[in-house]
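Residue 321 is where the sequence shown starts when you use the working numbering, and the numbers rise one by one after that.
Where is the CB? At the ideal position from N, CA and C, for every residue including glycine.
Right, one structure below, let's go through it.
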Amino acid sequence: MSREPLLSAKDIEIQFTLRGKVLKAIRRCSLDLYEGETLAIVGESGSGKSVFTKSFLGMLDANGSITGGSIMYQGVDIAQYKTEKEWLGIRGKKISMVMQDPMTSLNPLKKIGKQIEESINLNQGIKGEQAKKMAIEMMHKVGIIDPERRANQYPHEFSGGMRQRVVIAIAAACRPQILICDEPTTALDVTIQAQILDLIRSLQKELNMTVIYITHDLGVVANVADRVAVMYAGQIVEYGNVDEIFYNAWHPYTWALLSSLPQLGVKGEELPTIDGTPPNLFNEVKGDAFAPRNKQALAIDFEEEPPFFEVSPTHKAKTWYLDPRSPKIEQPKSIKMLREKMKK
């Protein structure tokens with residue numbers, strides 16, 4: 321892509337101090353985000369997806385900090401921001417986040433309408449009757465029926481799917497340029513999941529937002545994403561457009577994720593699982609972090625961290641398999657099966 325990125329994170333390092341020990345949660349992570357696109361960041365729990373994106377809004381926990389790299393946004397390196405005042409110019413107004421659990425994101429003692437009004441007040445500077453009217457309008461936009469009555473209700477009077485709509489209304493009421501959705505469909509049933517994804521898609525179009533999805537659900541990714549970034553052990557290990565990742569993946573971790581898709585299951589057989597556990601990030605990671613879990617790992621995988629190799633101008637993977645000197649490694653059968661299934 322030759323156009324300029326909307327946000328460009330380069331070599332980001334984030335560490336946390338826990339009981340006197342240092343945990344390197346994000347290890348030289350780079351990502352470009354383009355205007356109007358939908359980018360999905362996938363990976364198992366603990367791979368660093370939420371921590372990485374929270375650094376775009378200054379929402380790291382008190383014991384965490386950005387210790388290296390840059391995040392260029394609107395000509396400014398926001399990774400250098402140190403004060404809450406600086407972040408308040410970005411958080412909500414420019415970049416907003418839909419949190420994973422709506423019940424912990426909402427104030428149980430405050431009426432729903434008031435909570436949306438607060439967001440409008442804080443980020444658009446609109447108060448009083450106009451803010452109230454906008455809050456009701458926003459509730460209507462996110463598909464809450466009878467918003468005038470429901471604005472006077474409390475979070476416990478809403479179902480899980482409706483609470484998720486409220487959280488989306490609060491984030492979208494800020495009119496952000498970038499909306500980060502952290503596992504927006506977790507704990508919702510399949511029908512409600514589809515409605516929430518449709519809702520985010522229609523708001524994206526209407527408000528001209530760029531959307532980042534954080535998820536481990538590859539079904540969601542196939543439905544919504546233009547581009548995909550795969551994260552493992554605090555690094556992005558592969559990225560490309562959605563077709564490239566699903567049909568022509570090259571990192572062994574991406575292969576493992578795709579192989580465990582239920583769609584590839586054979587009746588009566590167990591679904592493949594990924595052996596082992598991710599590395600302990602309190603320790604220094606040597607070589608390719610996924611090597612100890614990869615049955616086809618090369619000797620160099622245990623010695624030296626691979627660089628990114630280009631598969632196409634839009635697709636890169638951080639694996640020695642793509643080095644011209646590497647022995648020829650075939651893509652697994654499951655990836656070829658996926659290609660065939662999707663063609664049908």
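Which residues DSSP lists as bridging residue i, in chain order
{"i": "Ala637", "result": "Glu558 and Phe629"}
{"i": "Ala518", "result": "The displayed chain sequence assigns Asp, not Ala, to residue 518. Partner(s): none; Asp518 has no beta bridge."}
{"i": "Glu333", "result": "Gly388"}
{"i": "Leu353", "result": "Leu327"}
{"i": "Thr511", "result": "Thr511 is not bridged to any residue."}
{"i": "Met417", "result": "Ile500"}
{"i": "Arg411", "result": "Ile415"}
{"i": "Tyr552", "result": "Gln555"}
{"i": "Asp381", "result": "Answer is none; Asp381 lacks a bridge partner."}
{"i": "Arg547", "result": "Leu359 and Asn561"}
{"i": "Leu338", "result": "Lys341"}
Contacting residues, own chain, Cβ-Cβ under 7 Å from residue i (five flanking each side not counted)
{"i": "Glu437", "result": "Ala451, Lys452 and Ala455"}
{"i": "Leu601", "result": "Leu343, Lys344, Ala345, Ala553 and Gly554"}
{"i": "Ile398", "result": "Ile391 and Ile410"}
{"i": "Ala507", "result": "Gly480"}
{"i": "Ala471", "result": "Lys431, Ile432, Gly433, Ala455, Ile456 and Met459"}
{"i": "Asn543", "result": "Leu517"}
{"i": "Ile446", "result": "Ile440 and Met454"}
{"i": "Arg323", "result": "Tyr354"}
{"i": "Gln666", "result": "Past the boundaries of the shown model lies residue 666; the chain is included only from 321 to 664, so the question cannot be answered."}
{"i": "Glu650", "result": "none"}
For residue j and residue i, the rounded distance between their alpha carbons
{"i": "Ser350", "j": "Ile464", "result": "38 Å"}
{"i": "Ser522", "j": "Phe376", "result": "24 Å"}
{"i": "Asp621", "j": "Ala329", "result": "26 Å"}
{"i": "Phe372", "j": "Ile361", "result": "10 Å"}
{"i": "Thr511", "j": "Glu503", "result": "16 Å"}
{"i": "Asn383", "j": "Leu442", "result": "26 Å"}
{"i": "Gly480", "j": "Ser425", "result": "12 Å"}
{"i": "Pro467", "j": "Ile594", "result": "46 Å"}
{"i": "Pro633", "j": "His476", "result": "49 Å"}
{"i": "Asp331", "j": "Gly368", "result": "14 Å"}
{"i": "Pro626", "j": "Pro428", "result": "48 Å"}
{"i": "Val462", "j": "Ala489", "result": "6 Å"}
{"i": "Glu355", "j": "Thr530", "result": "6 Å"}
{"i": "Ile655", "j": "Gly389", "result": "34 Å"}
{"i": "Glu449", "j": "Ile440", "result": "12 Å"}
{"i": "Thr387", "j": "Thr337", "result": "12 Å"}
{"i": "Lys615", "j": "Leu591", "result": "17 Å"}
{"i": "Lys648", "j": "Arg347", "result": "29 Å"}
{"i": "Arg613", "j": "Phe478", "result": "43 Å"}
{"i": "Met321", "j": "Gln473", "result": "The predicted model places Met321 with a pLDDT of 42, which falls under 50 and marks its position as unreliable; any figure quoted below should be read in that light. Rounded to the nearest angstrom, the two C-alpha atoms are 47 Å apart."}
{"i": "Glu357", "j": "Ile415", "result": "14 Å"}
{"i": "Gln513", "j": "Leu538", "result": "13 Å"}
{"i": "Lys413", "j": "Gln444", "result": "7 Å"}
{"i": "Ala619", "j": "Pro644", "result": "15 Å"}
{"i": "Asn528", "j": "Thr505", "result": "22 Å"}
{"i": "Arg339", "j": "Asp381", "result": "14 Å"}
Short Cβ contact (7 Å threshold) for residue i with residue j
{"i": "Leu359", "j": "Pro325", "result": "no"}
{"i": "Val418", "j": "Ala491", "result": "yes"}
{"i": "Val486", "j": "Ile432", "result": "yes"}
{"i": "Ala545", "j": "Ile556", "result": "no"}
{"i": "Gly607", "j": "Glu624", "result": "yes"}
{"i": "Pro496", "j": "Trp575", "result": "no"}
{"i": "Leu327", "j": "Tyr393", "result": "yes"}
{"i": "Tyr573", "j": "Phe610", "result": "yes"}
{"i": "Pro599", "j": "Val605", "result": "yes"}
{"i": "Ser370", "j": "Ile498", "result": "no"}
{"i": "Glu660", "j": "His536", "result": "no"}
Residue i beta carbon near the ligand NAD (any heavy atom closer than 6 Å)
{"i": "Leu658", "result": "Judged by which ligands are present, the structure shown has none, so any question about the ligand NAD falls away."}
Contact set for residue i: own chain, Cβ-Cβ below 6 Å, skip 5 residues either direction
{"i": "Asn561", "result": "Arg547 and Thr634"}
{"i": "Ile500", "result": "Thr373, Met417 and Ile532"}
{"i": "Gln484", "result": "Pro422 and Ile516"}
{"i": "Glu558", "result": "Val550, His571, Thr574 and Ala637"}
{"i": "Ala617", "result": "Ala611"}
{"i": "Ser646", "result": "Trp640"}
{"i": "Gln524", "result": "Val531"}
Sequence-distant residues of the same chain with beta carbon closer than 8 Å to residue i, five excluded per side
{"i": "Val631", "result": "Gly560, Glu564, Asn568, Trp570, Ala637 and Leu642"}
{"i": "Gly378", "result": "Ile398, Tyr401, Glu404, Glu406, Trp407, Ile410 and Arg411"}
{"i": "Glu589", "result": "none"}
Below-7 Å beta-carbon distance, residue i vs any chain D residue
{"i": "Leu618", "result": "The chain labelled as chain D is not found in the depicted structure, where only one protein chain is given."}
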